[in-house]
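Colleague:
Number of protein chains: 2
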Amino acid sequence: MTMMIVRYGALLAVFLIAVETATRSYISQPNDIELYLGGVAAIFLVLGIFVAQKVKKPAAADGNTPDQLSVLDRADFSDRELDVLLFLCHGYPNNEIADQLGISGNTVKTHLKNIYGKLGVSNRTQAAAEAKLLKIVG
Amino acid sequence: MTMMIVRYGALLAVFLIAVETATRSYISQPNDIELYLGGVAAIFLVLGIFVAQKVKKPAAADGNTPDQLSVLDRADFSDRELDVLLFLCHGYPNNEIADQLGISGNTVKTHLKNIYGKLGVSNRTQAAAEAKLLKIVG
DNA sequence: TTGATTTTCACCCAAACGGGTGAAGACAAT
DNA sequence: ATTGTCTTCACCCGTTTGGGTGAAAATCAA
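First to last, the protein sequences are chains A and B.
According to the numbering used here, the stretch in the first sequence is residues 1 to 138, in order.
According to the numbering used here, the stretch in the second sequence is residues 1001 to 1138, in order.
#1: List the residues of chain A whose Cβ lies closer than 9 Å to the Cβ of Arg1080/B, in chain order.
#2: Alpha carbons only, please: which of Asp79/A, Asp73/A, Lys135/A is nearest the one belonging to Leu101/A?
#3: What does Asn1123/B touch in chain A if you count any residue whose Cβ is under 8 Å from its own?
#4: Please list, in chain order, the chain B residues whose beta carbon lies closer than 8 Å to that of Leu88/A.
#5: Compute the beta-carbon to beta-carbon distance between Ile1097/B and Phe1087/B, rounded to the nearest angstrom, for a pair I have assumed lies under 8 Å.
#6: Do Thr125/A and Thr1107/B have their CB atoms nearer than 8 Å?
#7: Shortest alpha-carbon distance to Pro93/A belongs to which of Val1121/B, Val1084/B, Leu1082/B, Lys1135/B?
#8: Quick one: list the residues of chain A neighbouring Ala1098/B, beta-carbon separation under 8 Å, in chain order.
#9: What did DSSP end up calling Tyr92/A once you bin it into helix, strand or coil?
#10: Answer with yes or no whether the minimum CB distance from Ala1128/B to chain A is below 8 Å.
#11: Using beta-carbon positions only, say whether Ala129/A and Ala1128/B come within less than 8 Å of one another.
#12: Does any C-beta atom of chain A lie closer than 8 Å to the C-beta of Met1004/B?
#13: Considering only the beta carbon of each residue, do Asp73/A and Ile115/A sit closer than 8 Å?
#14: What is the DSSP secondary structure of Phe1077/B, reduced to helix, strand or coil?
#15: Of the choices Val1084/B, Lys1118/B, Ala1131/B, whose alpha-carbon is the least far from that of Lys1109/B?
#16: Can you give the beta carbon distance from Ala131/A to Leu119/A, rounded, assuming they're within the 8 Å contact cut?
#17: So, is Gly1091/B buried or exposed, given that buried needs 16 or more other C-beta atoms within 10 angstroms?
#18: In whole angstroms, what is the alpha-carbon distance linking Leu134/A and Gly1105/B?
#19: Would you tell me roughly how many angstroms separate the C-alpha atoms of Asp1076/B and Gly1138/B, rounded to the nearest one?
#20: In the structure shown, what three-state DSSP assignment does Leu134/A receive?
#21: Output the distance between the C-alpha atoms of Gly1117/B and Cys1089/B, rounded to the nearest integer angstrom.
#22: How far does the alpha helix (DSSP H) with Asn1106/B in it reach, from first residue to last?
#23: From Leu82/A to Asn1123/B, what does the alpha carbon distance come to, in whole angstroms?
#24: Express the C-alpha separation of Asp1099/B and Asn95/A in angstroms, rounding to a whole number.
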């Protein structure tokens, strides 16, 4: 998960350099500045949306007093844990989660235990409620 | 929801006009174009993030086809069933629901059975997910 | 008052779940 | 290379839940 942040950071840097280069080569013709500006604006608008989608935070969810102690987001869960959590929130029992993910029921139980620990809950229904509260799942 | 889109659309339009105006007044000094470009890029980056945050859809819950056949609301449940359903959605186990409502665990089970039947589900987590999907509980 | 609905509770049994421990292989980071 | 994390799986045990049946009060409408 740390790796992902680095990757996107590098990607962003490359993108910025590209734009900078384009700027320098275009600066000789000050005629179509407006068009160019619009292009840059559009590109960065899309980029902003993209970044927001990727680096999405839990956003502190409206008027509910968010647990100040446990502010979690997707990054605090491993990929597999997020898989399990997704199925869990849709009401799948352990066996079906196991089938869907192609792993054993025991493995699902292990992931669930870790999920419960991270969320500070003691059963699947609380986990589902908490996950939705923290906007970890849609 | 429609209203919100219109509002943000109008806001975006106003913003674009403002930027356009600023562009026309600045175009006389082609010196600090780079700086100006950077500003526009930054602004639209932030704007993109903002838009993505605000116009973010509830995601329509993945790929589950919503039951067209069973459109239930609160009226289809008895008062006591709604009580149980509420605690259920908060992740309470049967025993605690029983304590909170001052009834026996067996009675809670009976209510749950009826709830499952009405929602067309087979366990409490599915019931919680369905109840939220149907907006029976907040 | 009669009948329908709701609410309450009991018993039984099988399945699912939660908690603990242990451990193996993969893979990235230091 | 060693550490750490992730992922996978197994075993045991007790608790919880789900499903079925039955039934007694209370409430409410016809």
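C-beta atoms are modelled at their ideal positions from N, C-alpha and C, and glycine is treated no differently.
Modeller: To lay it out plainly:
#1: For this step, residue 1080/B is matched to residue 80 along the second sequence. Ordered by position in chain A, no residue passes the 9 Å Cβ test against Arg1080/B, which lies about 19 Å from the chain.
#2: Walking along the first sequence from the start, residue 101/A turns up at place 101. With distances taken between Cα atoms, Leu101/A lies closest to Asp79/A.
#3: Position 123 of the second sequence, counted from the start, is the residue given in the question as residue 1123/B. By Cβ distance, chain A contributes Gly91, Pro93.
#4: Mapped onto the first sequence, residue 88/A falls at position 88. Per Cβ cutoff of 8 Å: Thr1125.
#5: For the purposes of this step, residue 1097/B is identified with residue 97 of the second sequence, where counting begins at 1. For the purposes of this step, residue 1087/B is identified with residue 87 of the second sequence, where counting begins at 1. Right, the Cβ-Cβ distance comes to about 4 Å (below 8 Å), so this counts as a contact.
#6: Within the first sequence, residue 125/A is the residue found at index 125, counting from 1. Within the second sequence, residue 1107/B is the residue found at index 107, counting from 1. Taking 8 Å as the Cβ cut-off, Thr125/A and Thr1107/B do not qualify as a contacting pair.
#7: As a working mapping, residue 93/A is identified with position 93 in the first sequence. Among Val1121/B, Val1084/B, Leu1082/B, Lys1135/B, the Cα nearest to that of Pro93/A belongs to Val1121/B.
#8: Indexing the second sequence from 1 puts residue 1098/B at position 98. In chain order: nothing, as chain A lies at least about 15 Å away.
#9: The count along the first sequence starts at 1 and reaches residue 92/A at position 92. In this structure, Tyr92/A counts as coil in the three-state DSSP scheme.
#10: Numbered from 1 along the second sequence, position 128 holds the residue referred to as residue 1128/B. So yes, Ala1128/B belongs to the interface.
#11: Along the first sequence, read from residue 1 onward, the residue named residue 129/A stands at position 129. Along the second sequence, read from residue 1 onward, the residue named residue 1128/B stands at position 128. Yes, these two residues count as a Cβ contact at 8 Å.
#12: Residue numbering aside, residue 1004/B sits at position 4 when the second sequence is read from its first letter. Reliability fails at Met1004/B, whose pLDDT of 39 lies under 50, so the model's placement of it is uncertain and no value is given.
#13: Locating residue 73/A in the first sequence gives position 73, where the first residue counts as 1. Locating residue 115/A in the first sequence gives position 115, where the first residue counts as 1. Going by C-beta atoms, Asp73/A is not nearer than 8 Å to Ile115/A.
#14: To locate residue 1077/B, count along the second sequence from 1; it is residue 77. Coil.
#15: Position 109 of the second sequence, counting from 1, holds the residue named residue 1109/B. If we check each option's Cα against that of Lys1109/B, Val1084/B comes out closest.
#16: Indexing the first sequence from 1 puts residue 131/A at position 131. Indexing the first sequence from 1 puts residue 119/A at position 119. Yes, Ala131/A and Leu119/A are in contact; Cβ-Cβ is about 7 Å, under 8 Å.
#17: Here residue 1091/B refers to the residue found at position 91 when the second sequence is read from its first residue. Buried is the call here.
#18: On the first sequence, residue 134/A is found 134 positions in, with the first residue counted as 1. On the second sequence, residue 1105/B is found 105 positions in, with the first residue counted as 1. Cα-Cα distance, rounded: 30 Å.
#19: Here the question's residue 1076/B lines up with position 76 in the second sequence. Here the question's residue 1138/B lines up with position 138 in the second sequence. Roughly 16 Å between the two C-alpha positions.
#20: The count along the first sequence starts at 1 and reaches residue 134/A at position 134. Residue state, collapsed to three classes: coil.
#21: On the second sequence, position 117 is the one that residue 1117/B refers to. On the second sequence, position 89 is the one that residue 1089/B refers to. Taking the straight line from one Cα to the other gives about 16 Å.
#22: The residue labelled residue 1106/B in the question sits at position 106 within the second sequence. Note, Asn1106/B: alpha helix (DSSP H), 1105-1119.
#23: Indexing the first sequence from 1 puts residue 82/A at position 82. Indexing the second sequence from 1 puts residue 1123/B at position 123. Cα to Cα, the separation comes out at about 21 Å.
#24: To locate residue 95/A, count along the first sequence from 1; it is residue 95. To locate residue 1099/B, count along the second sequence from 1; it is residue 99. Answer to the nearest angstrom: the Cα atoms are 31 Å apart.
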